[in-house]
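Numbering (the working numbering), first residue to last: 30 to 255.
In this text, a Cβ means the ideal position worked out from N, Cα and C, and glycines have one as well.
Presented below is the structure to which this report refers.
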Ligand SMILES: NC(=O)c1ccc[n+]([C@@H]2O[C@H](COP(=O)([O-])OP(=O)(O)OC[C@H]3O[C@@H](n4cnc5c(N)ncnc54)[C@H](OP(=O)(O)O)[C@@H]3O)[C@@H](O)[C@H]2O)c1
């Protein structure tokens, strides 16, 4: 049995894929990598499961294949540079369906697997765009409906902390920085290299303890105001 089992939601590309890659270098780790399109990771420490955040049946079917996890990293999200004043009802609903309902569906479905072990860490890859304080007069990065959904995702982290703290859970929201992924490159070409962000995120995941929960930090360890 590996020392640590981590489930990474949204591991097909970008930050999630790199988190899987970095975790898989340690022989004590087993990683379950969620993807929407079946993918082979060609690494005996990495098993993949097919999961679409927007589809409860798909999330529940994936959970039946995963009996135990120490750490759940919910990385998958949608994001674009839109403004609230020009966002349709349908687009706003899509943001909330994926970026808020998705993480909640995942936690609900994988709760038995988290309870099967003692570590019980739940990590949401958030964004400084979801910080109420940091968004006041913000002039760079995504804002608009993405920010609304990331702010609600942060509140989900707090609500999960409130409901799970007596079961020994640790809840962490991490801002990965501005990263040169498909999503990050929409804002221009100055994002940091993906490995640097993933390494920082994993340091925060490793470092956080139950007494810190709920915590919102950036990839470099600096605390962010909710
Ligand atoms: N990049 C940045 O600068 C930045 C800054 C702040 C926060 N973040 C956050 O960091 C996280 C990762 O972002 P990224 O830049 O790596 O994004 P990305 O390159 O756009 O990758 C997004 C990932 O999410 C998955 N995904 C999207 N919708 C999904 C769904 N319905 N079900 C399952 N998986 C789904 C994608 O899978 P498919 O390949 O199947 O589409 C992909 O693996 C996100 O939470 C994002 O909000 C990023």
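- Taking only the alpha-carbon atoms, compute the straight-line gap between residue 175 and residue 92 and give it to the nearest angstrom. Their backbone Cα atoms lie some 27 Å apart in a straight line.
- Query: Which residue comes first and which comes last in the alpha helix (DSSP H) that contains residue 77?
  - Reply: Run containing residue 77: none in the alpha helix (DSSP H); it sits in the beta strand (DSSP E), 75 to 79.
- Item | Residues sharing a beta bridge with residue 245, DSSP | Paired residue(s): 202.
- Task: Quick one: give me the first and last residue of the alpha helix (DSSP H) that residue 90 is part of.
- Result: Going by DSSP, residue 90 is part of the alpha helix (DSSP H) stretching over 85 to 92.
- Message: Tell me the DSSP secondary structure of residue 82 in three-state form.
- Response: The answer is coil: DSSP assigns residue 82 none of H, G, I, E or B.
- Inter-residue Cα distance where the pair is residue 212 and residue 219: The straight-line gap from Cα to Cα measures roughly 12 Å.
- Query: Is residue 223 helix, strand or coil by DSSP?
  - Reply: Here residue 223 carries a helix assignment [DSSP, helix/strand/coil].
- Item | Residues bridged to residue 101 [DSSP beta-bridge criterion] | 36, 151, per the DSSP bridge assignment.
- Item | Pair within 8 Å by beta-carbon distance, residue 98 and residue 152 | Contact flag unset, no.
- Query: Just how far apart, CA to CA, sit residue 232 and residue 244?
  - Reply: Rounded to the nearest whole angstrom, the C-alpha separation of residue 232 and residue 244 is 14 Å.
- Query: Where does residue 127 sit, in a helix, a strand or coil, going by DSSP?
  - Reply: Assignment of residue 127 by DSSP, reduced to helix, strand and coil, places it in the helix class.
- Near ligand 1: residue 309 beta-carbon under 7 Å from a heavy atom: Limits of the chain in this structure are 30 at one end and 255 at the other, which puts residue 309 out of reach.
- According to the neighbour-count rule (16 or more other Cβ atoms, all chains shown, within 10 Å of its Cβ), is residue 128 buried or exposed? The residue in question, residue 128, is buried, as its Cβ has 16 or more Cβ neighbours within 10 Å.
- Rounded distance between the beta-carbons of residue 228 and residue 51, thought under 8 Å: So it is a contact: roughly 6 Å between Cβ atoms.
- What are the boundary residues of the beta strand (DSSP E) that residue 59 is part of? Counting along the chain, the beta strand (DSSP E) containing residue 59 begins and ends at 58 to 64.
- Query: For residue 234, which beta-bridge partners are listed by DSSP?
  - Reply: In the DSSP output, where bridge partners are listed per residue, residue 234 has none listed.
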